[in-house]
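Residue numbers (the working numbering), protein chains in the order written: chain A, 12 to 287; chain B, 10 to 129. We put the beta carbon where it would ideally sit given N, CA and C, even for glycine. Only a predicted model underlies this, so the values are computations on that prediction, with no experimental measurement involved.
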């Protein structure tokens, strides 16, 4: 009995030490694996960034040659020829937008997205982005309405990136709304904890998003319908980038939607802090 | 005018456009060849890609400035729509920053403006 009493603590201590050593070894191994995965992730991001950049060069040449033909610089085209060349240009520009999205995503992943800050009116951004989409809205037979509160205060942020966010949301609204439907953009000032902010809403009467997919749409590469036969194509990065850009401004981007009745996407941008 | 881009695809397309709209075009594909071409004959307009195999396109401006041979109009050509980069180009002496692919209609109008001012 006395021998067991004196011997048992040593045995237990030894077992504990062994266990501790094993855990430490596992910990070191886990840290090494994490470092390796991070390094590989960085390599992949760099690769995506490089390949996106390289894809732009031949696309640029294709679009320029096609525009030279379309504009009759090498001689007049008949209507069918012009239609065909316009198809090349539209396809090229769509591809270029997708490459641009992938490049933005890669930059965001590498924390290389920077903001070019200025003070601007959100009404101008809304006006510009909606004007760019007017012909598409007309072609699809949709109604687009804009409701921007008068005398909205100036926001401080990156005008181009906010335009990109709004363009993405409006583009999605148009894409996912069948002919005859409505899309709208609204902006108003709202109170917030740390001062005021501008709330922008982009809504549609389109196909909507089921509640179980509300988080999915913001996830990188995810699409609600990712089947090869899906009707709507894209990189699956648009909303991931949009949310990232809004968050860089310390704003928020979220959605409310019911399947079959349409979607409303909202984002906020903090106002210029008032000077004392 | 001098057109600088390391991609023959890009210079090929822009050369067709610019020559067909009445401009005399010289091309170069590196900082060294662009500098040599601009020193041999100062162009009225320099369209300058930023990413060149032997350095940043803006280095061409530094070298030409050192020789007091800067073209009157320098326009940066870039694949990146990035305001910080554009500001950097303007501070380096570029009159404008054009993001590729520039619309053919826009480039024709702008060339007319740049060359027109040179002639006046």
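- In the assembly as shown, residue 278 of chain A is a buried residue. Its beta-carbon has 16 or more other beta-carbons within 10 Å.
- Residue 207 of chain A places its beta carbon less than 8 Å from that of residue 200 of chain A.
- Counted as a single uninterrupted DSSP element, the beta strand (DSSP E) harbouring residue 208 of chain A occupies residues 208-215.
- Positions of the beta strand (DSSP E) runs, each at least 3 residues long and wholly inside the region 108-148 of chain A, are given as 128-131 in order along the chain.
- The beta carbon of residue 114 of chain B sits closer than 8 Å to some beta carbon of chain A.
- Distance from the CA of residue 117 of chain A to the CA of residue 262 of chain A, rounded to the nearest whole angstrom, comes to 21 Å.
- Check the Cα spacing between residue 203 of chain A and each of A/147, A/64, A/46 and A/282: the tightest is with A/282.
- For the region 48-74 of chain B, the beta-carbon criterion of a distance under 7 Å to any beta-carbon of chain A is satisfied by none of its residues.
- Not a single CB atom of chain B sits nearer than 8 Å to the CB of residue 59 of chain A.
- Near chain B, meaning a CB-to-CB distance below 7 Å, the residues of the region 124-135 of chain A are 125 and 127.
- The beta carbon of residue 153 of chain A sits closer than 8 Å to the beta carbons of 185, 188, 190, 191, 192, 193 and 194 from its chain, once the five residues preceding and following it are set aside; these are given in chain order.
- Taking residue 104 of chain B as reference, the option from B/65, B/113, B/122 and B/110 with the minimal CA-CA separation is B/122.
- Residue pairing by DSSP places residue 123 of chain B in no beta bridge whatsoever.
- Contact between the region 69-88 of chain A and the region 131-140 of chain A is absent: fewer than three C-beta pairs spanning the two stretches fall below 8 Å.
- Residue 90 of chain B and residue 106 of chain B have their alpha carbons spaced roughly 9 Å apart.
- The alpha-carbon of residue 109 of chain B is positioned some 10 Å away from that of residue 85 of chain B.
- For residue 122 of chain B, no CB of chain A lies under 8 Å from its own CB, so it is not counted at the interface with that chain.
- Rounded to the nearest angstrom, the Cβ distance from residue 12 of chain B to residue 30 of chain B is 13 Å, too far for a contact under 8 Å.
- The continuous alpha helix (DSSP H) containing residue 173 of chain A extends over residues 170-186.
- DSSP, reduced to helix, strand and coil, places residue 261 of chain A outside both helices and strands of the structure shown, so it counts as coil.
- Its Cα nearest to that of residue 83 of chain A, the residue B/114 stands out among B/18, B/42 and B/114.
- Within the region 75-95 of chain B, contact with chain A at the beta-carbon level (separation under 9 Å) is assigned to 88, 89, 90, 91, 92, 93 and 95.
- Residues of chain B whose Cβ lies closer than 7 Å to the Cβ of residue 84 of chain A are, in chain order, 26, 29 and 30.
- Between residue 19 of chain B and residue 44 of chain B, the C-beta gap is not smaller than 8 Å, which leaves the two residues out of contact.
- Non-local C-beta neighbours of residue 33 of chain B in its own chain, meaning closer than 8 Å and more than five positions away in sequence, comprise 10, ordered along the chain.
- For residue 93 of chain B, the enclosing alpha helix (DSSP H) begins and ends at 92-100.
- Scanning chain A for C-beta atoms nearer than 7 Å to the C-beta of residue 23 of chain B yields 75, reported in chain order.
- Under the DSSP assignment, residue 71 of chain B falls in the alpha helix (DSSP H) whose first and last residues are 67-75.
- If you draw a straight line from the Cα of residue 183 of chain A to the Cα of residue 249 of chain A, it comes to about 9 Å.
- Here residue 273 of chain A is bridged, per DSSP, to A/269.
- Residue 82 of chain B has B/54 as its beta-bridge partners, per DSSP.
- The shortest CA-to-CA distance from residue 109 of chain A to any of A/269, A/41, A/252 and A/93 is the one to A/252.
- Beyond the five residues adjoining it in sequence on each side, residue 170 of chain A comes within less than 7 Å, by CB distance, of 129, 131 and 136 in the same chain, given in chain order.
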